[in-house]
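Have a look at the structure below before the remarks.
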Amino acid sequence: MEQSAVKRDISEVRKVVLNQVSAIHSAGPVLEPGNWAKHDPFLLMMEDKFQKGSFDIHPHRGMETVTYVISGQIEHYDTHSGEGGVLGPGDVQWMTAGSGVEHNEVPSEGMTAHSLQLWVNLPKVHKMTTPRYQNLKSGDMPVRQEAGAAIKVFSGSSKGVAGPTRNYVPVTMVEMTIEPGYTVTQDLPGSYNGFIYVLEGDGTFGNNKAAASKGHVLWLGEGGSGESEVEITAGEKLRVLLYAGEPVREPVVARGPFVMNTEREITVAFSEYRQGTFLK
328 MEQSAVKRDI
338 SEVRKVVLNQ
348 VSAIHSAGPV
358 LEPGNWAKHD
368 PFLLMMEDKF
378 QKGSFDIHPH
388 RGMETVTYVI
398 SGQIEHYDTH
408 SGEGGVLGPG
418 DVQWMTAGSG
428 VEHNEVPSEG
438 MTAHSLQLWV
448 NLPKVHKMTT
458 PRYQNLKSGD
468 MPVRQEAGAA
478 IKVFSGSSKG
488 VAGPTRNYVP
498 VTMVEMTIEP
508 GYTVTQDLPG
518 SYNGFIYVLE
528 GDGTFGNNKA
538 AASKGHVLWL
548 GEGGSGESEV
558 EITAGEKLRV
568 LLYAGEPVRE
578 PVVARGPFVM
588 NTEREITVAF
598 SEYRQGTFLK
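Shown next as structure tokens:
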């Protein structure tokens with residue numbers, strides 16, 4: 328990377344608090360819905376601890392879900408492909424709802440699953456694309472190795488190491504494990520919006536050395552029009568997820584599980600779902 332890359336500050340640090348929804352489900356917002364322009368291309372992210380029975384089969388249209396398993400085990404199934412599988416700790420499922428899917432994610436019997444689920448907006452031209460699933464096993468992902476650090480690349484790239492995920496919206500998703508006292512940088516296009524979630528440990532983040540620890544979410548500052556980079560230094564052994572993406576810059580109308588550009592498109596989605604014509 329050229330020396331002229333903009334070194335990003337951290338513009339916001341916030342603690343995620345899990346609220347008990349029921350005896351078998353607790354949840355907290357990492358990114359709250361409604362801040363469409365600020366979070367673009369991301370719509371929301373929830374942290375969930377849940378057991379079997381928390382969710383039933385449900386639909387989506389016009390967006391993508393990116394599910395990261397922190398601990399436990401999740402069994403997934405969708406009616407579009409008629410297929411399913413199992414996600415374990417460190418695995419990711421990148422589900423493109425597109426024109427419409429019905430799916431479910433269920434912890435294995437007797438287990439409590441702890442997960443993060445991010446919603447990524449789809450641009451208008453891809454809102455009704457054919458649905459697809461990309462199941463990304465942790466052990467299969469490329470890793471950028473540096474002194475005192477390992478950066479696992481699920482999507483996008485990290486200093487030339489590229490992830491396998493196919494994207495409609497360019498998104499970088501990396502998991503960093505950094506030993507105490509070591510510093511790493513992550514390169515990003517300056518136009519990307521992004522945030523960091525601390526899974527374990529503590530450290531300092533960004534050019535302004537913002538301090539954060541387990542359960543904190545940090546929003547990246549502006550990166551300018553060229554290249555940028557984010558600097559992270561571990562205090563205790565640190566494990567973080569970094570997400571950053573190219574803003575879509577289109578109107579967002581979100582109602583329940585559907586994310587479209589207009590109210591009319593939302594009305595059509597609900598109507599088709601009620602009439603049984605939702606799945607193409």
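With the first letter of the sequence shown counted as 1, position 171 gets the number 498 in the numbering used here; the numbers rise by one all the way through.
For every residue, glycine included, the Cβ atom is placed at its ideal position computed from N, Cα and C.
Sequence-distant residues of the same chain with beta carbon closer than 7 Å to residue i, five excluded per side
| i | result |
| --- | --- |
| G542 | K342, V343 and V525 |
| E563 | P507, G528 and D529 |
| I351 | F377, Q378, G380 and S381 |
| A537 | I337, V340, T531 and L545 |
| G551 | V333 and G517 |
| R459 | T423 |
| G415 | V396 and Q400 |
| E473 | V511 |
First and last residue of the uninterrupted alpha helix (DSSP H) at residue i
| i | result |
| --- | --- |
| T594 | E590 to Q602 |
| H366 | W363 to H366 |
Chain-order list of residues whose beta-carbon lies under 6 Å from that of residue i (same chain, five-residue window excluded)
| i | result |
| --- | --- |
| H387 | A424, V428 and P584 |
| F597 | none |
| K479 | M468, V470 and E502 |
| G475 | E506 and Y509 |
| H430 | D405 |
| W421 | V393, Q461 and T492 |
For residue i, the residue or residues it bridges with in DSSP
| i | result |
| --- | --- |
| F522 | W546 and Y570 |
| G530 | A539 and A561 |
| H453 | For H453, which the question treats as bridged, DSSP gives no partner whatsoever. |
| E339 | W546 |
| S353 | Q347 and K376 |
| A476 | E473 and I505 |
| K486 | Bridge partners of K486: none, in fact. |
| L371 | W446 |
| V333 | S555 |
Delimiting residues of the beta strand (DSSP E) encompassing residue i
| i | result |
| --- | --- |
| S552 | No beta strand (DSSP E) holds S552; DSSP gives it neither H nor E. |
| E432 | V428 to P434 |
| R459 | R459 to L463 |
| P386 | H385 to H387 |
| S398 | M390 to S398 |
| Y509 | Unbroken run through Y509: none, as it is neither H nor E. |
| Y404 | I401 to D405 |
| F423 | Position check: residue 423 holds Thr in this sequence, whereas Phe was assumed. It spans V419 to T423 - the beta strand (DSSP E) in which T423 sits, taken as one unbroken run. |
| F585 | F585 to M587 |
| V413 | G411 to L414 |
| N448 | A440 to N448 |
| V580 | V580 to R582 |
Buried or exposed by the 16-neighbour rule on C-beta atoms within 10 Å, applied to residue i
| i | result |
| --- | --- |
| V567 | buried |
| G530 | buried |
| S398 | exposed |
| S331 | exposed |
| E329 | Annotation note: pLDDT 47 at E329 (below 50); position unreliable, coordinate value reported separately. Exposed, by the Cβ-count rule. |
| V447 | buried |
| Q347 | exposed |
| N362 | exposed |
| A571 | buried |
| K454 | buried |
| G483 | buried |
| G389 | buried |
| Q513 | buried |
| P434 | buried |
| S349 | exposed |
| E549 | exposed |
| G603 | exposed |
For residue j and residue i, believed in contact at Cβ under 8 Å, the rounded distance
| i | j | result |
| --- | --- | --- |
| L463 | M372 | 17 Å between Cβ atoms; not a contact. |
| R335 | V557 | 5 Å |
| L449 | V496 | 7 Å |
| E573 | P368 | 6 Å |
Residue-chain proximity (residue i, chain B), Cβ-Cβ < 8 Å
| i | result |
| --- | --- |
| D529 | In the structure shown, chain B does not exist; there is a single protein chain. |
Sequence-distant residues of its chain with Cβ nearer than 8 Å to residue i (five each side left out)
| i | result |
| --- | --- |
| T589 | P578 and V580 |
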